[in-house]
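Working notes, beginning with the structure itself.
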Amino acid sequence: MELITKVIPTPGTVYKPSDPFLAQVIENTRLTPKDSADDIHNIVLDLSRSEIAYLEGQSVGILPPGVDEDGKKHRVRLYSIASSRVGDDGTSKTVTLCVKRVVFTDEATGQEVRGVASNHICDAKVGEDLALTGPTGRKFLLPQDDQVNLIMVAVGTGIAPFRAFIKYIFHERGSWGGKISLFFGAKTGFETLYMNQENNDIGQYYTKETFQAFQALSRQEKTSTGERVYVQHKIAEQRESLWPGLKAGKSVVYLCGLKGMEAGVDKVFGSWAEQDGMDWEAYKEELKATGRWNVEVY
Ligand SMILES: Cc1cc2nc3c(=O)[nH]c(=O)nc-3n(C[C@H](O)[C@H](O)[C@H](O)COP(=O)(O)OP(=O)(O)OC[C@H]3O[C@@H](n4cnc5c(N)ncnc54)[C@H](O)[C@@H]3O)c2cc1C
Numbered sequence: 138m139e140l141i142t143k144v145i146p147t148p149g150t151v152y153k154p155s156d157p158f159l160a161q162v163i164e165n166t167r168l169t170p171k172d173s174a175d176d177i178h179n180i181v182l183d184l185s186r187s188e189i190a191y192l193e194g195q196s197v198g199i200l201p202p203g204v205d206e207d208g209k210k211h212r213v214r215l216y217s218i219a220s221s222r223v224g225d226d227g228t229s230k231t232v233t234l235c236v237k238r239v240v241f242t243d244e245a246t247g248q249e250v251r252g253v254a255s256n257h258i259c260d261a262k263v264g265e266d267l268a269l270t271g272p273t274g275r276k277f278l279l280p281q282d283d284q285v286n287l288i289m290v291a292v293g294t295g296i297a298p299f300r301a302f303i304k305y306i307f308h309e310r311g312s313w314g315g316k317i318s319l320f321f322g323a324k325t326g327f328e329t330l331y332m333n334q335e336n337n338d339i340g341q342y343y344t345k346e347t348f349q350a351f352q353a354l355s356r357q358e359k360t361s362t363g364e365r366v367y368v369q370h371k372i373a374e375q376r377e378s379l380w381p382g383l384k385a386g387k388s389v390v391y392l393c394g395l396k397g398m399e400a401g402v403d404k405v406f407g408s409w410a411e412q413d414g415m416d417w418e419a420y421k422e423e424l425k426a427t428g429r430w431n432v433e434v435y
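This is the structure in structure tokens:
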């Protein structure tokens, strides 16, 4: 199978952790409903004093201030870019991130633990600076050939790079020749980021001929066997639409979001390969090596 040629990042300044760019917060709004346990924010940063040029599918790093418990400087945390290359305001001078506040209870001590970077970002006030590194990433990018089918699978904040892809494709580019399938997992319909009544950035493109979107709402829907519905269940229903293209090397798969999502999705594609007498692990390696299987889970 030949290599899929991806879009090439435009030359621009790439900031290192030793010398980050101070990006001012222009917007910080909560995306999840007030009563949701998940606190996810849409963050817009000002890049106008930099020469940063990014592409859909890349990430930036955020360097939290201060030091860790060993007295060492905090390490950079990566965040997928949620805006297309021109930014949500079209100036090419802003970048949008979609950040989930990490809060959990340490089972050993029973203490609440708050993630360093995600809380720093979600608490940032408009006008404050965040230390930014990057942009980085050369794999999770769109193919150059628009006849290629795109299969995007997201859970939670994993929607960020796909919001960027979809905005670029339908808003700036205007169209895409191949078929685009988006599978998005959330707990409830109110928590479908960028696809709800208040913020319908992605939902507005549902009517496009080449775009189909499927939501898996784990706390709202049940499978016929009584299980919670996850993205893999929605993918399993689309064999006819997805598998022939992937088998023929005409599709690119992107998975982004919670680490736990990968195994379930992998199993569905694996079962289709098996039905056709193929060795899925070997085929997946080929898909990976040629840029057709792209995973960014965290
Ligand atoms: C390529 C890439 C792209 C990413 N994109 C995004 C994005 O778009 N949006 C986004 O929100 N995040 C994204 N992340 C994750 C992000 O980089 C951080 O890892 C995340 O925000 C947590 O960082 P933190 O500093 O807040 O938490 P930390 O202070 O680093 O603490 C998190 C630690 O707590 C552990 N932990 C977390 N939850 C629990 C739990 N419930 N129980 C026990 N332990 C737990 C984790 O394993 C981790 O070790 C991305 C990561 C990568 C690698």
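Quick note: the sequence shown, position 87, residue 224 per the working numbering, numbers continuous. All C-beta atoms, glycine included, are put in the ideal place defined by N, C-alpha and C.
Proximity below 8 Å, CB of residue i to CB of residue j
i      : j      : result
Glu193 : Tyr305 : yes
Gln284 : Gly314 : yes
Ala190 : Gly224 : no
Glu164 : Ile180 : yes
Val402 : Arg429 : no
Glu358 : Val366 : yes
Leu319 : Met289 : yes
Glu309 : Ser221 : yes
Ala254 : Pro202 : no
Gly264 : Gln341 : no
Ile177 : Leu395 : no
Asp413 : Lys384 : yes
Phe327 : Asn333 : yes
Phe348 : Ile317 : yes
Lys345 : Phe307 : yes
Gly382 : Asn286 : yes
Lys371 : Ala400 : no
Val240 : Glu249 : yes
Nearest-angstrom beta carbon gap, residue j and residue i [assumed within contact, 8 Å]
i      : j      : result
Gly322 : Ser355 : 7 Å
Leu267 : Thr231 : Wrong, their Cβ atoms sit about 13 Å apart, outside the cutoff.
Pro298 : Ile199 : Contact doesn't hold; Cβ gap of about 16 Å is too wide.
Thr166 : Asp175 : In fact, because the Cβ distance is near 14 Å, the residues do not count as touching under 8 Å.
Tyr451 : Gly271 : Residue 451 is absent from the model: the chain starts at 138 and stops at 435.
Ser196 : Leu215 : 4 Å
Lys237 : Gly274 : Contact doesn't hold; Cβ gap of about 19 Å is too wide.
Arg300 : Ile339 : 6 Å
Ala261 : Cys393 : Contact flag wrong, Cβ pair sits at about 23 Å.
Gln369 : Lys404 : 7 Å
Leu279 : Val144 : 5 Å
heavy atom of ligand 1 below 7 Å from residue i C-beta
i      : result
Leu267 : no
Phe241 : yes
Ser173 : no
Glu433 : yes
Thr294 : yes
Ala190 : no
Ala297 : yes
Val223 : no
Arg167 : no
Val236 : yes
Ala254 : yes
Ser196 : yes
Identity of the residues DSSP links to residue i by a beta bridge
i      : result
Thr242 : Glu249
Ser318 : Ile288, Gln349
Trp430 : Val390
Asn179 : Thr166, Cys235
Asp266 : Gln161
Pro280 : Lys143
Tyr152 : Gly271
Gly198 : Leu215, Thr270
Arg365 : Lys359
Lys210 : Val204
Ala323 : Leu354
Heavy atom of ligand 3 within 7 Å of residue i beta-carbon
i      : result
Tyr216 : Among the ligands in the structure shown, ligand 3 does not appear; only ligand 1 can be found there.
Contact with chain D by residue i, beta-carbon distance below 8 Å
i      : result
Val290 : Considering every chain present, this structure includes no chain D. It has just one protein chain.
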